[in-house]
Structure formats: C-alpha cells, structure tokens
Amino acid sequence: SQQGEEDPQALSIQEGENATMNCSYKTSINNLQWYRQNSGRGLVHLILIRSNEREKHSGRLRVTLDTSKKSSSLLITASRAADTASYFCATGNSGGSNYKLTFGKGTLLTVNP
Amino acid sequence: NAGVTQTPKFRVLKTGQSMTLLCAQDMNHEYMYWYRQDPGMGLRLIHYSVGEGTTAKGEVPDGYNVSRLKKQNFLLGLESAAPSQTSVYFCASSPGRVGQPQHFGDGTRLSIL
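Residue numbers (our numbering), protein chains in the order written: chain A, 942 to 1054; chain B, 12 to 124.
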C-alpha cells in the first residue's frame, strides 16, 4: 500500500516560475526522500530529510517536513525546461523495516519554455 | 562507474513463458530491491535482499522469485508469465544503512501477450 501521496498529480508551469509539490504520509517515519524520474529512465535521488529536520536545501531545491501534519513539500525555484519529469516522495519507516522505502504515485511536472 | 545495470531493457513474452531479469550493481551495496511500476500506481516493492544469500518478500511478491547468489547481482524470475505482469521493472540498490538513498537502474519494459 502507498505510504506517500503526492499532490498535485500533475503541474504545468512556465520556465522561471517556482514549482511546489506536496507529499502526505500516514505512519511514523525515519526519513523522507524525493526522487525525480525522467521519461523512460530510472529514478534519481534528489534530497533526503530526516524526521528531526524541518527544512533542507540543495541548489534550487527546498524541502520541508512537518511530522505533526505528516506532510512534506518540495519547492523547485526558477524552474527550467530540463526540470520536466515526474517527482516522487518516498518514506523510510521507523522500526524494523527501516531499510525499505515506500513510494507515492508521483507528480508529473511540465515546465514550458 | 556503471551504477545499476538491468538486462534486458525490453522483452515481449507469451503467457505461460518464463524469464529472468538480471540486475547488477558495482557500488558494493548490501541491499538490493526489485520494484514494478504501473501507470497511476507508483512503485511497488516485489522482493528485496539485505545481503548476499538473503531474500525477502515485499508488497507484491506473488508470481515472482528472486535470488542473490552474489553480492553484486539480484535476479528476478517470472515462473509462468501472466498479462497482469506487464509492467516496467526497476532494480535498485543501497548501502543499507538507515536513511540512505537508493540507486536505480533504467528499467526493463516487459510486455506479456
């Protein structure tokens, strides 16, 4: 069963605009990760935020985590056409199965030139 | 450094045929995973391995078998292919420590007629 659920399912913006994607999950987590998938390719890890962190930055990416609301957001600033891809959140659960990730269904981001 | 390599990239099978998908990683990772990705379903874990000689069931293991005879290889077998197994299959690996990202191959696109 899916742990993370991304919102929106699809997002279309113009180059230069910011893109925000949200992820909600149900159970306690150890960490939350965001991945990108270009069409026809495998997933690529973008950023990881641990359960005791609230915000993390990496280049044009900003991730927030609110464990009280069981939600996370991924912000891509100054988007480029090359950012067009599907974005997935994945949760690493706390407890004995903490080496497994549970993926959401993804947000399809289209950045128009 | 190839990372995670999956073979074959594409395959068409007839119902009832068997086949083996091969995943190889050159990062000396302990953990390896097999996922399937279907439209609107995200990634679902089929089987995984936490080390050479070990395997365990994931979320959707029925109809599949796996083996991890060597640390760098993880094989996924379909004993008697069914149309419901038409999907894109992804292999991933990770160092295995808590909160580590997974590294993905580019997938095997499998159609069963």
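Virtual Cβ for every residue (Gly too), placed ideally from N, Cα, C.
Computed from a predicted model, the values in this text were never measured in an experiment.
Contact check for residue 955/A and residue 1034/A: beta-carbon distance about 37 Å, past the 8 Å limit, so the pair fails to qualify.
Between residue 56/B and chain A, the shortest Cβ-Cβ separation is below 9 Å. Between residue 968/A and chain B, the shortest Cβ-Cβ separation is not below 9 Å. Listed in chain order, the positions of the region 956 to 984 of chain A with a beta carbon within less than 9 Å of a beta carbon of chain B are 971, 972, 974, 976, 978, 981, 982, 983 and 984.
Between the region 56 to 64 of chain B and the region 80 to 95 of chain B there are three or more C-beta pairs closer than 8 Å, enough to call the two in contact. Taking CB atoms only, residue 986/A has a neighbour in chain B less than 9 Å away. Put simply, the backbone Cα of residue 113/B is about 32 Å away from that of residue 26/B.
Residue 38/B and residue 104/B do touch by the CB rule: their CB atoms are close to 6 Å apart, below 8 Å.
Spanning the alpha carbons of residue 47/B and residue 72/B requires a straight line of approximately 10 Å. Where residue 59/B is concerned, the enclosing beta strand (DSSP E) starts and stops at 53 to 60.
Around the beta carbon of residue 1010/A, a 10 Å sphere encloses fewer than 16 other beta carbons of the protein chains shown; the residue is thus reported as exposed.
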